[in-house]
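Numbering (this note's numbering), first residue to last: 5 to 214. Below: the structure, in structure tokens.
Okay, here's the thing in structure tokens:
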């Protein structure tokens, strides 16, 4: 796990050391510091439970999410749990007993503030038009760089793996990254295609870590 831990005192000490170096070394050190600072967002992530997904359930997820986010993603992450609310009725498909995920994301984005990142949590089945199929059942959906995403535990074999699709959708949303270019079945960013094998996912592969 990489974190930026440069305090004000540390920066002053570093400046003294830089001044004692040659011009060539000075440039190298300055570039390195700039890169480290850029890799440390301090984002507040709002968890939005829907319908029968309780606030207590969402709070129970927070320690695990914080642990895994800090292990695999740059920065320090804070989570806040919002009060549960209803899924938008216009997104419900009675004949499939599913909700259109894009309708949920668009509804959430209407009231979004510029600095907020919201992850929707639901037990309900969600879907999107994909793979040539209308209302294809999925585990999660996100708007890349759109600050909103949603993950459902409906299709998970083990509910304890729920943090994995949450992390997956957050990476799409926050970093704008696509699915795993290695198509590595053990990578968190592997395309689940509706039925992800989350039990074998263990890491972010080398390409996704970049």
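We treat Cβ as the ideally placed atom computed from N, Cα and C, and that holds for glycine.
What's the call for residue 71, buried or exposed, on a 16-neighbour Cβ count within 10 Å?
By one-based count along the chain shown, residue 71 stands at place 67. With fewer than 16 Cβ atoms within 10 Å of its Cβ, residue 71 is classed as exposed.
For the beta strand (DSSP E) containing residue 83, name the first residue and the last one.
For the purposes of this step, residue 83 is identified with residue 79 of the chain shown, where counting begins at 1. It spans 82–85 - the beta strand (DSSP E) in which residue 83 sits, taken as one unbroken run.
Which same chain residues end up closer than 7 Å to residue 111 when comparing Cβ atoms and leaving out the 5 residues on each side of it in sequence?
Residue mapping note: residue 111 aligns to position 107 of the chain shown, counting from 1. So the qualifying residues of the chain are 92.
Pick helix, strand or coil for residue 109, following the three-state DSSP scheme.
Position 105 of the chain shown, counting from 1, holds the residue named residue 109. Helix.
Return helix, strand or coil for residue 126, following the three-state DSSP convention.
Within the chain shown, residue 126 is the residue found at index 122, counting from 1. Correct three-state label for residue 126: strand.
Exposed or buried, residue 137, counting other C-beta atoms within 10 Å across all chains shown (16 or more means buried)?
Within the chain shown, residue 137 is the residue found at index 133, counting from 1. By the 10 Å Cβ count, residue 137 comes out exposed.
Are at least three pairs of beta-carbons, each pair with one atom in the stretch 141–159 and one in the stretch 172–189, less than 8 Å apart?
Touching, yes, given that three or more Cβ pairs across the two stretches are closer than 8 Å.
DSSP on residue 118, reduced to helix/strand/coil?
Translated into positions along the chain shown, residue 118 becomes position 114. It is coil, neither helix nor strand.
Report the partner residues of residue 144 according to the DSSP bridge assignment.
For the purposes of this step, residue 144 is identified with residue 140 of the chain shown, where counting begins at 1. Looking at the DSSP assignment, residue 144 forms a beta bridge with 155.
Is residue 102 closer than 9 Å to residue 128 when the C-beta atoms are compared?
The residue labelled residue 128 in the question sits at position 124 within the chain shown. The residue labelled residue 102 in the question sits at position 98 within the chain shown. For residue 128 and residue 102, yes; Cβs fall inside 9 Å.
What does the alpha-carbon distance come out to for the pair residue 139 and residue 97?
Residue 139 sits at position 135 when you count from the first residue of the chain shown. Residue 97 sits at position 93 when you count from the first residue of the chain shown. Cα to Cα, residue 139 sits roughly 9 Å from residue 97.
Can you round the beta-carbon distance between residue 173 and residue 123 to whole angstroms, since I take them to be within the 8 Å contact cut?
Residue mapping note: residue 173 aligns to position 169 of the chain shown, counting from 1. Residue mapping note: residue 123 aligns to position 119 of the chain shown, counting from 1. Right, their Cβ atoms sit about 7 Å apart.
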